[in-house]
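Line order of the protein sequences matches chains A and B. Counting from 1 along the first sequence, just add 3 to a position and that's the residue number in the working numbering. Counting from 1 along the second sequence, just add 3 to a position and that's the residue number in the working numbering.
There are 2 protein chains.
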Amino acid sequence: MQQAKTPRVTIQDVAALSGLSICTVSRALRNLPNVSVHARAKVDDAAAKLGYKASPAASRLAGGSTGSVAIIVPTATAWFFAQAVEAAEEIFADSGYDTVLISLRSRPSVQHQLFADLAGLSQRVDGVLLLNIALSDAELAALAGSGLAVASVGMHDVPWDNVGIDNEAAARTATEHLLGLGHWDLAMLSGSEAGEPSLVTANERLRGFEHALGAHHLTVDPDLVLAAGYSIEGGRLAMIELIENRRMPSAILAGCDETAFGALMALRDLGLSAPKNVSIIGIDDHQMSWFLGLSTISQPVADQGAFAASLLIDRLHRAGLPNPPASHVLETKLIARKSTRRRR
Amino acid sequence: MQQAKTPRVTIQDVAALSGLSICTVSRALRNLPNVSVHARAKVDDAAAKLGYKASPAASRLAGGSTGSVAIIVPTATAWFFAQAVEAAEEIFADSGYDTVLISLRSRPSVQHQLFADLAGLSQRVDGVLLLNIALSDAELAALAGSGLAVASVGMHDVPWDNVGIDNEAAARTATEHLLGLGHWDLAMLSGSEAGEPSLVTANERLRGFEHALGAHHLTVDPDLVLAAGYSIEGGRLAMIELIENRRMPSAILAGCDETAFGALMALRDLGLSAPKNVSIIGIDDHQMSWFLGLSTISQPVADQGAFAASLLIDRLHRAGLPNPPASHVLETKLIARKSTRRRR
DNA sequence: GCCAATTTTGTAAGCGTTTACACTCGACGT
DNA sequence: ACGTCGAGTGTAAACGCTTACAAAATTGGC
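In structure tokens form, the structure reads like this:
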């Protein structure tokens with residue numbers, strides 16, 4: 004079937020139908036001031052009747068908006084990001100924006116390239132949503148000065164809207180859960196590892212662990228804090244290292260659920276298991292955690308993406324208004340499942 | 004830091020520097036014929052020197068390309084799609100295209116809306132990559148006639164390039180693995196379920212199961228074929244149904260790994276396990292399958308996304324050439340792990 | 001060497017918006 | 001009544017590119 008060539012309805016058509024000038028139509032459609040209610044009604048009517056949609060290309064070229072926003076993720080495959088991206092995409096789509104996905108693929112060079120051409124980017128999108136991107140000062144400044152609307156998830160001290168969780172509190176809660184179960188000989192498989200972009204998060208969680216112990220007048224045994232990265236394999240390796248070269252603690256806080264999965268796997272391979280030989284709790288409430296019965300701290304992943312997205316849209320809509328950037332922290336919640344239990 | 008307002012380098016600048024006309028520059032940059040090698044060299048040189056990038060908006064408006072492609076997915080959160088999307092995005096980015104992500108969010112209304120305005124879409128992107136989208140005849144026709152370049156993953160009988168796997172063969176191989184282990188009393192937790200978009204895939208896999216049994220002169224027991232959907236929860240429920248209201252087979256083929264996860268979970272909740280009480284094999288080689296020791300049939304997920312993406316880019320580059328659409332099927336491979344073992 | 005055929009190059013007219021600026025027209029103060 | 005002001009509207013010039021079409025330069029055949 005060859006599709007009938009629809010002769011694109013332009014702003015001209017709307018102007019003609021409404022009996023007004025192109026200029027007035029343009030203003031009315033964009034809700035600019037200085038348009039009489041009467042004219043506005045006529046225009047809206049005509050536009051609706053014709054099913055008119057402004058051409059993003061023409062709009063952009065003439066200095067208007069592109070009608071699309073970018074989501075920048077460290078990697079699109081991780082559960083957390085996929086989740087947040089989908090939620091944000093939904094908000095964007097519902098607001099009439101296209102979502103352009105930019106994955107850094109954990110490669111610094113890609114990030115460099117991207118930030119080297121922010122001018123190019125700002126020509127293609129109206130705003131960007133950053134998900135857990137580690138920014139250099141220069142990058143941050145460049146972005147802030149690029150004219151792009153910006154919002155982010157899981158970032159700190161940024162001059163734009165941000166939404167995230169309190170990682171330190173999450174780790175503290177998790178640790179206290181362990182403590183409350185009578186465990187006092189605690190290990191942490193921290194996410195911290197050279198090269199990891201989520202360094203900040205990982206450090207915060209480590210701090211939460213330390214503070215919780217401190218609050219109970221316990222000291223952390225350096226032997227029981229290992230860098231595991233935020234991956235299954237990292238968790239597995241760290242767990243093996245812990246058992247073979249350090250010593251088995253009575254309970255473990257994993258930097259994130261994936262780390263915990265790796266630990267669980269190592270345990271199983273050694274003929275051990277949680278909570279029998281050791282209690283394990285993670286952070287994130289990964290989709291699979293429920294499946295594996297992993298105790299964890301849940302965070303509202305989709306909500307963070309959606310919330311940040313809507314903040315970005317807000318900015319886009321009331322561009323220019325001073326409206327100081329705000330930082331929103333969302334709630335986390337302890338989910339006790341089967342991988343932790345009272346110390347014998 | 005306020006960014007210095009770069010006074011955008013336009014095609015004019017390139018023309019001036021190269022001492023040629025705008026028109027020649029435009030042609031040279033797009034590798035059109037009728038440009039002398041000499042001119043081409045000068046232009047490329049000047050463009051490089053100036054770091055010139057054509058404005059997508061202006062280009063599009065004047066009838067050129069938008070420099071972006073859309074990836075359409077049923078849902079962005081599923082492991083398979085996240086994987087394929089990232090791989091495709093990499094290809095697109097490397098080819099200089101922006102990737103706009105469109106998730107149908109498993110909602111038919113979103114799909115309707117999208118296909119109702121293909122003209123609008125074709126104004127914003129040059130091509131689309133479809134991932135496992137179930138298309139009505141009308142939608143297929145509309146897309147084919149939209150002028151958009153199209154490629155897809157996991158689809159059938161489409162008038163554009165497609166890459167996928169042989170689902171029937173995959174299921175057959177899996178089934179034969181079970182058969183080869185001495186199991187003959189086989190159940191299948193099929194992906195087929197009303198409302199699922201991947202119906203086709205599911206049916207093919209079911210057929211593979213049946214054919215494998217048939218080839219060994221075995222008949223499939225209707226009691227042992229349950230609809231489970233392509234989800235963990237579906238697998239769990241189906242497994243419970245199987246055990247409580249049907250009967251325990253000696254081995255199970257799960258429609259996909261997620262289904263198998265659910266089955267494994269149900270088993271565990273009932274104090275049973277694989278392969279002790281029943282052998283289980285899945286299809287997909289989900290990231291977690293390795294972790295869980297699930298035997299499965301692996302398919303090259305990222306490769307499919309990347310391959311389809313590159314086919315799409317190819318189309319875009321040599322637009323117009325007849326070049327008939329081709330269907331590529333990628334290899335699958337049996338991965339025997341710990342969830343299957345020889346029948347006692 | 002000359003003219004037609006064939007490249008190669010340039011000119012200028014869009015593409016569909018936005019926006020600076022000019023204009024019209026009542027309302028208002030005096 | 002009369003100039004002033006401001007809200008509402010229109011005119012026309014960008015925006016940066018593509019592309020007919022025309023012009024110029026090159027080629028080739030005799």
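A virtual CB, placed ideally from N, CA and C, is assigned to each residue, including glycine.
Buried or exposed: which applies to residue 133(B), given that a residue is buried once 16 or more other Cβ atoms fall within 10 Å of its Cβ? For this step, residue 133(B) is matched to residue 130 along the second sequence. By the beta-carbon neighbour count (other beta carbons within 10 angstroms, threshold 16), residue 133(B) is buried.
Would you check if the distance between the CB atom of residue 122(A) and the CB atom of residue 149(A) is smaller than 9 Å? On the first sequence, residue 122(A) is found 119 positions in, with the first residue counted as 1. On the first sequence, residue 149(A) is found 146 positions in, with the first residue counted as 1. Contact: yes.
What in chain B is Cβ-close to residue 106(A), meaning under 9 Å? What you label residue 106(A) is simply residue 103 of the first sequence in a count that begins at 1. Correct list: 88, 89, 92, 93, 96, 102.
Which partner residues does residue 335(B) have in the DSSP bridge list? Residue numbering aside, residue 335(B) sits at position 332 when the second sequence is read from its first letter. Its beta-bridge partners do not exist; DSSP assigns none.
Reference residue 160(B); option with closest CA among 332(B), 341(B), 347(B), 346(B): One-based indexing of the second sequence puts residue 160(B) at position 157. Among 332(B), 341(B), 347(B), 346(B), the Cα nearest to that of residue 160(B) is on 332(B).
Please tell me whether residue 279(A) has its Cβ less than 9 Å away from any Cβ of chain B. Translated into the one-based positions of the first sequence, residue 279(A) becomes position 276. Output row for residue 279(A): interface = no.
What did DSSP end up calling residue 191(B) once you bin it into helix, strand or coil? Here residue 191(B) refers to the residue found at position 188 when the second sequence is read from its first residue. Correct three-state label for residue 191(B): strand.
Against chain B, with Cβ distances strictly below 9 Å, would residue 268(A) count as a contact? The count along the first sequence starts at 1 and reaches residue 268(A) at position 265. So, interface residue.
Should residue 101(B) be listed as close to the ligand NAD, given that the test is whether its C-beta is under 8 Å from any heavy atom? Annotation note on the ligand NAD: not contained in the displayed structure, which lists no ligands.
Got a sec: which bits of the segment 280-310 of chain B sit with their beta carbon under 7 Å from any beta carbon on chain A, in order along the chain? Answer in chain order: 291, 294.
Any beta-carbon of chain A closer than 9 Å to the one on residue 2(B)? Nothing can be reported for residue 2(B): it is not among the residues displayed for chain B, which extend from 4 to 347.
Using a Cβ-Cβ cut-off of less than 8 Å, list which residues of the segment 231-258 of chain A approach chain B; keep chain order. If the cut-off is 8 Å between Cβ atoms, the segment 231-258 of chain A has 235 near chain B.
Determine, for residue 4(B), whether the minimum Cβ-Cβ distance to residues of chain A falls below 9 Å. The residue labelled residue 4(B) in the question sits at position 1 within the second sequence. Here residue 4(B) scores only 42 on pLDDT, less than 50, and its place in the model is too uncertain to base an answer on.
Neighbour flag for residue 14(A) against chain B, beta carbons, 9 Å: Position 11 of the first sequence, counted from the start, is the residue given in the question as residue 14(A). Among the residues facing chain B, residue 14(A) is not included, as its CB has no counterpart in that chain under 9 Å away.
Beta-carbon contacts of residue 5(B) that lie in its chain and below 8 Å, excluding the five residues immediately before and after: Counting from 1 along the second sequence, the entry for residue 5(B) is found at position 2. Since pLDDT at residue 5(B) reaches only 41, below the 50 mark, its modelled position is unreliable, and the value read off the structure follows with that caveat. Closer than 8 Å at the Cβ level, and outside the excluded window around residue 5(B), lies no residue.
List the DSSP bridge partners of residue 285(B). Translated into positions along the second sequence, residue 285(B) becomes position 282. In the DSSP output, where bridge partners are listed per residue, residue 285(B) has 299(B).
Taking the alpha helix (DSSP H) that residue 105(A) falls in, what are its first and last residues? Residue numbering aside, residue 105(A) sits at position 102 when the first sequence is read from its first letter. If you look at residue 105(A), you'll find it isn't in any alpha helix (DSSP H); it sits in the beta strand (DSSP E) that goes 101-106.
Contact check, residue 73(A) vs residue 105(A), beta carbons under 9 Å: Here residue 73(A) is taken as the residue at index 70 of the first sequence, counted from 1. Here residue 105(A) is taken as the residue at index 102 of the first sequence, counted from 1. At the C-beta level, residue 73(A) and residue 105(A) come within 9 Å of one another.
Cα-Cα, which of 139(A), 27(A), 259(A), 145(A) is closest to residue 49(A)? As a working mapping, residue 49(A) is identified with position 46 in the first sequence. Here the closest residue by C-alpha is 27(A).
Extent of the continuous beta strand (DSSP E) to which residue 165(B) belongs: The residue given as residue 165(B) occupies position 162 in the second sequence. 164-168 is the extent of the beta strand (DSSP E) around residue 165(B).
Alpha carbon to alpha carbon, how far is residue 162(A) from residue 7(B)? Give it in angstroms, no decimals. The residue you call residue 7(B) lines up with position 4 of the second sequence. The residue you call residue 162(A) lines up with position 159 of the first sequence. The predicted position of residue 7(B) is uncertain, since its pLDDT is 47 and thus under 50; a value taken from the coordinates is nonetheless stated next. If you take the alpha carbons of residue 7(B) and residue 162(A), they lie about 19 Å apart.
Between 316(A), 243(A), 179(A), which lies nearest to residue 336(A) when the distance is taken from Cα to Cα? Walking along the first sequence from the start, residue 336(A) turns up at place 333. The shortest C-alpha separation from residue 336(A) is found at 179(A).
Please report the distance separating the alpha-carbon of residue 308(A) from that of residue 94(A). Sequence index remark: in the first sequence, residue 308(A) carries index 305 (1-based). Sequence index remark: in the first sequence, residue 94(A) carries index 91 (1-based). About 9 Å.
What does DSSP give as the partner residue(s) for residue 130(B) in the beta ladder? Position 127 of the second sequence, counting from 1, holds the residue named residue 130(B). Answer by DSSP bridge pairing, in chain order: 72(B), 152(B).
DSSP three-state call for residue 137(B): helix, strand or coil? Reading the second sequence from its first residue, position 134 is the one you call residue 137(B). In this structure, residue 137(B) counts as coil in the three-state DSSP scheme.
CB residue 231(B) to CB residue 194(B), shorter than 9 Å? Here residue 231(B) corresponds to residue number 228 of the second sequence, with the count starting at 1. Here residue 194(B) corresponds to residue number 191 of the second sequence, with the count starting at 1. Yes, they are a contact pair.
Take the Cβ of residue 164(A) as the centre, count every other Cβ of all protein chains shown within 10 Å, and call the residue buried at 16 or more, exposed below. Here residue 164(A) is taken as the residue at index 161 of the first sequence, counted from 1. Buried.
Out of 301(B), 305(B), 189(B), 215(B), which one is the CA nearest neighbour of residue 251(B)? Here residue 251(B) refers to the residue found at position 248 when the second sequence is read from its first residue. Nearest option by C-alpha distance: 189(B).
Going along the chain, which unbroken runs of the alpha helix (DSSP H) with 4 or more residues stay wholly within the segment 9-80 of chain B? You should have 14-21, 25-32, 40-53, 59-64.
Using beta carbons (cut-off 9 Å, strictly below), is residue 56(A) in contact with chain B? Residue 56(A) sits at position 53 when you count from the first residue of the first sequence. Yes, because at least one Cβ of chain B sits closer than 9 Å to the Cβ of residue 56(A).
Exposed or buried, what is residue 141(B) when buried is set at 16 or more other beta-carbons lying within 10 Å of its beta-carbon? Residue mapping note: residue 141(B) aligns to position 138 of the second sequence, counting from 1. Burial state of residue 141(B) is exposed, judged by a 10 Å Cβ sphere holding fewer than 16 other Cβ atoms.
Of the listed residues 170(B), 253(B), 292(B), nearest to residue 205(B) (C-alpha basis): For the purposes of this step, residue 205(B) is taken as the residue at position 202 of the second sequence. Of 170(B), 253(B), 292(B), the residue nearest in Cα terms is 170(B).
Three-way DSSP call (helix, strand, coil) for residue 330(B) in this model: For this step, residue 330(B) is matched to residue 327 along the second sequence. Here residue 330(B) sits in strand by DSSP.
Taking 8 Å as the cut-off, does the segment 258-272 of chain B touch the segment 231-245 of chain B (at least 3 CB pairs, one atom from each stretch)? At 8 Å Cβ cutoff, the stretches touch.
Residue 63(B) touches chain A at which residues, Cβ-Cβ below 7 Å? Here residue 63(B) is taken as the residue at index 60 of the second sequence, counted from 1. Residues of chain A passing the Cβ test: 60.
List the endpoints of the continuous beta strand (DSSP E) containing residue 229(A). Residue mapping note: residue 229(A) aligns to position 226 of the first sequence, counting from 1. Bounds of the beta strand (DSSP E) holding residue 229(A) are 228-230.
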